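Note that the protein sequences, when read in sequence, are chains A and B.
In terms of the numbering used here, the first sequence opens at residue 1 and continues consecutively.
In terms of the numbering used here, the second sequence opens at residue 361 and continues consecutively.
All residues carry an ideal CB built from backbone N, CA and C; glycine is no exception.
Treat the numbers as computed from the prediction; the structure is a model and nothing was measured.
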Amino acid sequence: MSPTSAPSKTGKAPSRASRKRSPLARFLVRRVVTALLLALGITLVTFVLTNLVPGDPVSANLGQRALGDPAIVAQWRADHGLDKPLPQQYLLYLGGLVHGDLGESQQSHRPVSEDLADFVPATLELAGAAILVSLVLGVAFGVFAALRRDRLPDHVLRVLSLVGISVPTFWLALVAFYIFFYRLQVTPGSGRIDPGMTAPPHVTGLYTIDSALAGQWDVFSSAIGHLIAPALVLALYTIGLLTRFTRSAVLEVLGQDYVRAARAKGLPGRVILFRYVVRPALVPIITVAGLAFGSLLSGTVLVEAVFAWPGVGQYAYKSATTLDLPAVMGVGLVVGGVYLIINLVVDVLYGVIDPRVRVS
Amino acid sequence: MATRSRQAALLPVVLTGFLALAACSGGGSSSSQSSPGGGAGKTLVIDTSFNLKTADPGRTYEPTGLIVGKAAYDTLLTFNGGDLTKPVPDLAESYDMSSDGTKLTLKLRQGATFADGSPVTADDVVFSLTRVRDMKGTPSFLLDGVEIAKTDETTITLTSKTPNPALPFILPNPALGILNSKVAKEHGATTDTADKAEQYLNSASAGSGPYTIESLNVSSEVVLKRNAKYWGARKPVYDKVVIRNVQAATQKLNVQRGDSQVALDLSGDQLAGISGGLQVTKTASANVVFLLANQDPSVSKVTSSPKFAEAVRKGLDYPGLLELAGEGSVQAPGVIPSMLLGALPADQVVKRDVEGAKAALKESGAANPTVKLEYPSELTVNGLSLQPVAERIQANLKEVGITVELAPSPVTTALDNYRNGKEQLGLWYWGPDYPDPSDYLAFLPGKLVGLRAGWKAGADKELEAAGEKAATTVGDDARKQAYVDIQTKLNASGPFIPLIQPSQNIVTAASVTGLTYNPVWTVDVADLGTK
Numbered sequence: 001m002s003p004t005s006a007p008s009k010t011g012k013a014p015s016r017a018s019r020k021r022s023p024l025a026r027f028l029v030r031r032v033v034t035a036l037l038l039a040l041g042i043t044l045v046t047f048v049l050t051n052l053v054p055g056d057p058v059s060a061n062l063g064q065r066a067l068g069d070p071a072i073v074a075q076w077r078a079d080h081g082l083d084k085p086l087p088q089q090y091l092l093y094l095g096g097l098v099h100g101d102l103g104e105s106q107q108s109h110r111p112v113s114e115d116l117a118d119f120v121p122a123t124l125e126l127a128g129a130a131i132l133v134s135l136v137l138g139v140a141f142g143v144f145a146a147l148r149r150d151r152l153p154d155h156v157l158r159v160l161s162l163v164g165i166s167v168p169t170f171w172l173a174l175v176a177f178y179i180f181f182y183r184l185q186v187t188p189g190s191g192r193i194d195p196g197m198t199a200p201p202h203v204t205g206l207y208t209i210d211s212a213l214a215g216q217w218d219v220f221s222s223a224i225g226h227l228i229a230p231a232l233v234l235a236l237y238t239i240g241l242l243t244r245f246t247r248s249a250v251l252e253v254l255g256q257d258y259v260r261a262a263r264a265k266g267l268p269g270r271v272i273l274f275r276y277v278v279r280p281a282l283v284p285i286i287t288v289a290g291l292a293f294g295s296l297l298s299g300t301v302l303v304e305a306v307f308a309w310p311g312v313g314q315y316a317y318k319s320a321t322t323l324d325l326p327a328v329m330g331v332g333l334v335v336g337g338v339y340l341i342i343n344l345v346v347d348v349l350y351g352v353i354d355p356r357v358r359v360s
Numbered sequence: 361m362a363t364r365s366r367q368a369a370l371l372p373v374v375l376t377g378f379l380a381l382a383a384c385s386g387g388g389s390s391s392s393q394s395s396p397g398g399g400a401g402k403t404l405v406i407d408t409s410f411n412l413k414t415a416d417p418g419r420t421y422e423p424t425g426l427i428v429g430k431a432a433y434d435t436l437l438t439f440n441g442g443d444l445t446k447p448v449p450d451l452a453e454s455y456d457m458s459s460d461g462t463k464l465t466l467k468l469r470q471g472a473t474f475a476d477g478s479p480v481t482a483d484d485v486v487f488s489l490t491r492v493r494d495m496k497g498t499p500s501f502l503l504d505g506v507e508i509a510k511t512d513e514t515t516i517t518l519t520s521k522t523p524n525p526a527l528p529f530i531l532p533n534p535a536l537g538i539l540n541s542k543v544a545k546e547h548g549a550t551t552d553t554a555d556k557a558e559q560y561l562n563s564a565s566a567g568s569g570p571y572t573i574e575s576l577n578v579s580s581e582v583v584l585k586r587n588a589k590y591w592g593a594r595k596p597v598y599d600k601v602v603i604r605n606v607q608a609a610t611q612k613l614n615v616q617r618g619d620s621q622v623a624l625d626l627s628g629d630q631l632a633g634i635s636g637g638l639q640v641t642k643t644a645s646a647n648v649v650f651l652l653a654n655q656d657p658s659v660s661k662v663t664s665s666p667k668f669a670e671a672v673r674k675g676l677d678y679p680g681l682l683e684l685a686g687e688g689s690v691q692a693p694g695v696i697p698s699m700l701l702g703a704l705p706a707d708q709v710v711k712r713d714v715e716g717a718k719a720a721l722k723e724s725g726a727a728n729p730t731v732k733l734e735y736p737s738e739l740t741v742n743g744l745s746l747q748p749v750a751e752r753i754q755a756n757l758k759e760v761g762i763t764v765e766l767a768p769s770p771v772t773t774a775l776d777n778y779r780n781g782k783e784q785l786g787l788w789y790w791g792p793d794y795p796d797p798s799d800y801l802a803f804l805p806g807k808l809v810g811l812r813a814g815w816k817a818g819a820d821k822e823l824e825a826a827g828e829k830a831a832t833t834v835g836d837d838a839r840k841q842a843y844v845d846i847q848t849k850l851n852a853s854g855p856f857i858p859l860i861q862p863s864q865n866i867v868t869a870a871s872v873t874g875l876t877y878n879p880v881w882t883v884d885v886a887d888l889g890t891k
């Protein structure tokens with residue numbers, strides 16, 4: 001029975017509108033309203049915090065001579081709307097936001113939306129590759145370790161996963177760049193593609209996909225090559241995390257009666273593993289993976305710096321250190337949006353994996 | 361067992377697979393001299409830590425922007441290589457300064473063309489310079505009070521109400537690059553604050569320089585393309601120049617591996633181990649790192665005593681500080697850097713005198729004072745971090761009897777106190793806005809930097825009068841003497857303690873020729889050639 005068809009607590013019959021709305025529609029409406037409230041909260045918190053920082057964007061953006069010229073300073077403040085009271089600045093920002101206008105970056109002097117359109121795909125490509133690698137390797141290692149519990153492979157993988165979780169990403173990025181690029185010469189250098197190559201025509205902003213769509217296989221090959229080292233560095237923490245979570249989740253499922261029953265029935269090991277063990281174990285793993293994707297986004301700031309990856313992490317760092325408020329708020333909204341989408345995807349996946357979640 | 365072995369080998373196999381894929385994609389080969397996806401021809405890759413906001417010459421004033429500006433725009437005058445003592449013709453074929461220093465007449469060169477093939481005219485010059493002055497962008501101050509006029513089709517005059525002998529030294533600044541006014545106007549350029557051409561000028565250039573801008577991203581990469589119609593004798597060598605935003609540690613590995621050909625920001629420490637035929641250029645930069653002791657008693661009763669500044673000046677171990685900056689750095693003899701007219705000779709640098717410092721401290725009336733030293737924590741000057749410099753100062757002054765509390769903060773925060781003259785002791789640097797000693801009159805009482813040290817107008821009338829006189833003095837010899845005198849007095853009784861001119865270290869591949877460090881635009885891309 002659908003929850004919407006149950007009598008209300010007041011005893012009144014449900015309204016026609018609520019009867020018509022499906023659980024999925026209600027779920028999506030709830031999510032959209034939450035997203036809007038969250039976006040509002042992000043703008044408010046970012047705006048207040050950035051303005052609380054004891055610094056003046058004018059100092060961060062104008063040269064030392066220009067700072068001494070009141071006309072230039074006044075012009076700069078007027079150009080960026082900083083000559084208005086703070087509440088008015090915030091309301092003006094919200095007004096623009098309603099119309100899809102994220103303001104203009106004080107650093108690049110371009111609309112923030114255009115900046116983000118340039119930088120976000122680069123980070124999504126990197127973080128996406130990292131999470132893909134993490135999921136494949138982390139789950140595989142975790143399952144393998146659980147199946148070989150307390151044997152050598154299990155010990156090795158547990159130590160490796162601990163190392164992955166413990167090693168600072170920034171240090172690891174430097175070491176990986178030094179060893180694989182400089183010493184072993186097996187990975188290419190800085191950036192998303194080789195210097196001198198022309199970026200593929202913009203479709204998605206993901207060079208691997210855009211170059212494949214354009215049939216530029218030399219660019220595709222270069223983009224893949226440049227992606228591997230930073231993606232692996234970024235993924236190492238998540239691989240470690242997922243290995244540990246998968247191992248414990250699989251171990252828990254392995255001890256269940258229905259798994260023993262399946263074994264007793266003489267089902268093939270592969271069927272037991274994938275149908276009876278891995279699938280139920282995936283629910284907590286997906287939760288962790290969703291959270292890990294968020295931490296990957298924050299990790300990109302450091303990895304992008306080392307690999308000169310032109311992503312949103314570098315943009316965010318530069319914006320924050322120059323008190324570029326519209327850019328900081330734009331990044332905040334994007335990151336918040338990504339979290340919301342991930343949560344939504346995770347919730348939907350729960351339903352796909354576990355029918356009990358769908359019913360409830 | 362065989363199955364188990366395969367499973368146990370999963371991790372190395374997977375990793376090896378990834379790395380093999382990376383190697384197949386070009387990781388094992390240098391991509392420096394060719395452009396696999398961008399057409400045939402030579403590509404030069406320059407790595408630098410970006411300080412770039414725009415490529416609009418009317419608004420640019422950051423080091424990376426000046427590199428780009430120098431490549432894409434010609435100026436009326438320029439400097440030969442790194443010689444900042446004499447401006448030489450560029451778009452102007454000659455110039456003449458009136459004897460009273462108020463009128464500069466420039467004769468425009470015939471035959472110079474923009475990248476689209478149209479000629480550079482006097483109207484373009486008047487439009488471009490007026491735009492910079494009246495748009496109120498960051499470099500507007502360069503032409504403050506200067507009237508720009510076209511006398512005839514080939515003559516431009518720049519007139520100032522008061523003598524402006526620095527003007528020929530200001531004009532080479534890439535911020536004063538000459539725009540193709542027709543193209544710029546078509547894209548919103550005006551000579552007032554309503555100008556809207558920046559977006560266009562960040563995506564394409566409208567200059568007559570040896571390169572044009574193919575693409576620009578202020579956070580990651582600028583791509584320059586050879587101007588096939590370049591009018592000058594020095595034809596650009598590279599078809600494409602890629603300037604990438606890369607942090608210093610990565611720059612070193614990139615240039616060593618051959619992934620880039622030029623690394624601009626290596627610190628002295630990072631030069632260790634550079635070999636393999638790479639060329640290293642170490643030149644003292646024009647940035648002067650200095651200490652200030654605030655003269656405002658309301659900020660600090662201790663630092664406002666002239667004798668306290670003397671104690672600090674005598675108490676510092678300058679060779680020790682130089683060690684931190686690395687080879688190629690020099691002790692700053694005064695606030696004017698060594699390569700500019702009016703710089704103090706190297707033998708006039710301040711030397712450590714701990715006993716003298718203790719005596720001066722005693723005379724200041726402060727017994728075992730404690731003062732706060734503020735500085736921007738994350739700022740590096742030519743690769744030199746100010747943090748170890750501050751720590752060394754702290755240790756030096758401890759020997760004199762001064763306790764220094766270190767107060768680092770992010771640049772944006774530290775700048776506020778510095779700008780408002782609220783720091784007791786401050787550790788900062790000054791890079792020349794233009795390579796003329798008059799830029800350093802800002803250090804006098806009541807002027808821009810003087811006020812940051814709480815040194816108000818009237819605090820030293822003799823020095824202020826000397827500054828006013830120097831600003832209007834015409835003639836190299838007379839100007840040189842005037843500025844030497846000012847600095848000698850500043851070093852004796854001023855609130856500033858010049859410390860170091862850190863070295864600008866540039867590493868280039870063995871194949872690159874023609875590199876010269878210029879303190880204004882760092883490197884002229886058009887100078888770079890290949891063996």
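Exercise. Grouping DSSP H, G and I as helix and E and B as strand, with all else coil, what is Leu464 (chain B)?
Worked result: In the structure shown, Leu464 (chain B) adopts extended strand secondary structure according to DSSP, grouped into three states.
Exercise. Shorter than 9 Å from the beta carbon of Phe181 (chain A) to some beta carbon of chain B?
Worked result: For Phe181 (chain A), a Cβ of chain B is located within less than 9 Å of the residue's own Cβ.
Problem set entry | 7 Å Cβ cut-off: residues of chain A touching Glu558 (chain B) | Per Cβ cutoff of 7 Å: His109.
Exercise. In three-state terms, what does DSSP make of Glu759 (chain B)?
Worked result: Helix at Glu759 (chain B).
Exercise. Comparing alpha-carbon positions, which option in B:Leu503, B:Asn411, B:Pro525 lies nearest Glu828 (chain B)?
Worked result: Of the candidates B:Leu503, B:Asn411, B:Pro525, the residue whose Cα lies closest to the Cα of Glu828 (chain B) is B:Pro525.
Exercise. Helix, strand or coil: how does DSSP classify Phe410 (chain B) here?
Worked result: In this structure, DSSP gives Phe410 (chain B) a state outside helix and strand, which the three-state scheme calls coil.
Exercise. For Asn577 (chain B), is the classification buried or exposed, using 16 other Cβ atoms within 10 angstroms of its Cβ as the cut-off for buried?
Worked result: So Asn577 (chain B) counts as buried.
Exercise. Which residue from A:Ile239, A:Val112, A:His202 puts its Cα closest to that of Ser161 (chain A)?
Worked result: Out of A:Ile239, A:Val112, A:His202, A:Ile239 has the C-alpha closest to the C-alpha of Ser161 (chain A).
Exercise. Can you tell me the Cα-Cα spacing of Glu822 (chain B) and Gln847 (chain B), whole angstroms?
Worked result: Looking at the two C-alpha atoms, the distance is approximately 13 Å.
For this session: Measure the Cβ-Cβ separation of Leu466 (chain B) and Ile516 (chain B) and say whether it is below 9 Å.
Result: Closer than 9 Å, so yes.
Exercise. Name the chain A residues that come within less than 8 Å of Lys600 (chain B), Cβ to Cβ?
Worked result: Scanning chain A for C-beta atoms nearer than 8 Å to the C-beta of Lys600 (chain B) yields Gly196, reported in chain order.
Problem set entry | Which listed residue (B:Glu738, B:Leu536, B:Thr498) has its alpha carbon closest to that of Ile508 (chain B) | Checking every option, the nearest Cα to that of Ile508 (chain B) belongs to B:Leu536.
Problem set entry | Residues near Asn587 (chain B) in its chain [Cβ-Cβ closer than 7 Å; skip 5 each side] | For Asn587 (chain B), where only same-chain residues beyond five positions count, the Cβ hits under 7 Å are Ala475, Gly569, Pro570, Tyr571, Thr572, Pro596.
Problem set entry | Where Tyr877 (chain B) falls: helix, strand or coil (DSSP) | The answer is strand: DSSP assigns Tyr877 (chain B) an E or B state.
For this session: Measure the alpha-carbon distance for Leu652 (chain B) versus Leu804 (chain B) and round it to whole angstroms.
Result: Straight-line spacing of the CA atoms in Leu652 (chain B) and Leu804 (chain B) works out to 12 Å.
For this session: Taking a Cβ distance cut-off of 7 Å, strictly less, list which residues of the segment 560-582 of chain B are near chain A, in chain order.
Result: Within the segment 560-582 of chain B, contact with chain A at the beta-carbon level (separation under 7 Å) is assigned to Asn577, Val578, Ser579, Ser580, Glu581.
Problem set entry | Minimum C-alpha distance to Glu453 (chain B) - residue among B:Ala431, B:Val480, B:Leu684 | For the set B:Ala431, B:Val480, B:Leu684, the Cα lying nearest the Cα of Glu453 (chain B) is the one of B:Val480.
For this session: Determine whether the Cβ of Tyr237 (chain A) lies closer than 9 Å to any Cβ atom of chain B.
Result: Cβ-Cβ to chain B under 9 Å: no for Tyr237 (chain A).
Problem set entry | Cβ neighbours of Leu746 (chain B) in the same chain (closer than 7 Å, five flanking residues each side left out) | Taking C-beta separations shorter than 7 Å and ignoring five residues to either side along the sequence, the partners of Leu746 (chain B) in its chain run Tyr735, Pro736, Leu739, Leu787, following chain order.
Exercise. What are the uninterrupted segments assigned as alpha helix (DSSP H) that are 4 or more residues long and contained completely in the segment 589-652 of chain B, given in chain order?
Worked result: DSSP runs (the alpha helix (DSSP H)) wholly in the segment 589-652 of chain B: 608-617.
Problem set entry | Check: Leu82 (chain A) C-beta below 8 Å from any heavy atom of the ligand GTP | In the structure shown, the ligand GTP is absent, as is every other ligand, since no ligand is present at all.
Problem set entry | The beta strand (DSSP E) enclosing Asp512 (chain B), as first and last residue numbers | Annotation: the continuous beta strand (DSSP E) that includes Asp512 (chain B) extends over 506-512.
Problem set entry | Under 9 Å (Cβ pairs) to chain A, residues found in the segment 493-516 of chain B | Residues passing the 9 Å Cβ filter: Met495, Lys496, Gly497, Thr498, Pro499, Ser500, Phe501, Leu502, Asp504.
Problem set entry | Within chain D, the residues that Val167 (chain A) reaches when beta carbons sit closer than 8 Å | Considering every chain present, this structure includes no chain D. Its protein chains are A and B.
For this session: Kindly say whether Gln89 (chain A), judged by its beta-carbon, lies nearer than 9 Å to any beta-carbon of chain B.
Result: For Gln89 (chain A), the answer is no, since every Cβ of chain B falls outside 9 Å of its Cβ.
For this session: Go ahead and pull the three-state DSSP assignment for Ile857 (chain B).
Result: Strand at Ile857 (chain B).
For this session: List the residues that DSSP assigns as beta-bridge partners of Leu733 (chain B).
Result: Looking at the DSSP output, Leu733 (chain B) sits in a beta bridge with B:Leu766, B:Leu785.
For this session: Go ahead and label Leu624 (chain B) buried or exposed: buried means 16 or more other beta carbons lie within 10 angstroms of its beta carbon, across all protein chains shown.
Result: Looking at its Cβ environment, which holds 16 or more other Cβ atoms inside 10 Å, Leu624 (chain B) is buried.
Problem set entry | In chain order, each alpha helix (DSSP H) run of at least 4 residues that lies wholly inside the segment 419-456 of chain B | As summarised for the segment 419-456 of chain B, the continuous alpha helix (DSSP H) elements at least 4 residues long and confined to that stretch are 423-432, given in chain order.
Problem set entry | DSSP state of Gln470 (chain B) mapped onto helix, strand, coil | If DSSP states are grouped into helix, strand and coil, Gln470 (chain B) belongs with coil.
Problem set entry | Nearest-angstrom beta carbon gap, Val649 (chain B) and Ala717 (chain B) [assumed within contact, 8 Å] | By a beta-carbon distance limit of 8 Å, Ala717 (chain B) does not contact Val649 (chain B). Their separation comes to about 19 Å.
For this session: Find the nearest neighbour of Ser108 (chain A) within the set B:Pro705, B:Lys782, B:Leu527, B:Leu412, judged by alpha-carbon distance.
Result: When only C-alpha atoms are compared, the closest one is B:Leu412.
For this session: State the start and end residues of the unbroken beta strand (DSSP E) segment that holds Glu304 (chain A).
Result: Where Glu304 (chain A) is concerned, there is no enclosing beta strand (DSSP E), although the alpha helix (DSSP H) around it starts and stops at 279-306.
Exercise. Which residue spans inside the segment 534-591 of chain B form an unbroken beta strand (DSSP E) run of at least 3?
Worked result: The qualifying runs are 571-577, 581-586.
Problem set entry | Contact residues within the segment 61-79 of chain A, judged by C-beta distance below 9 Å to chain B | Listed by position along the chain: Asn61, Leu62, Gly63, Gln64, Arg65, Ala66, Leu67, Gly68, Asp69, Ala71, Ile72, Ala74, Gln75, Trp76, Ala78, Asp79.
Exercise. Per DSSP, Val867 (chain B) is paired with what?
Worked result: Under the DSSP definition of a beta bridge, Val867 (chain B) partners with B:Ala623, B:Val640.
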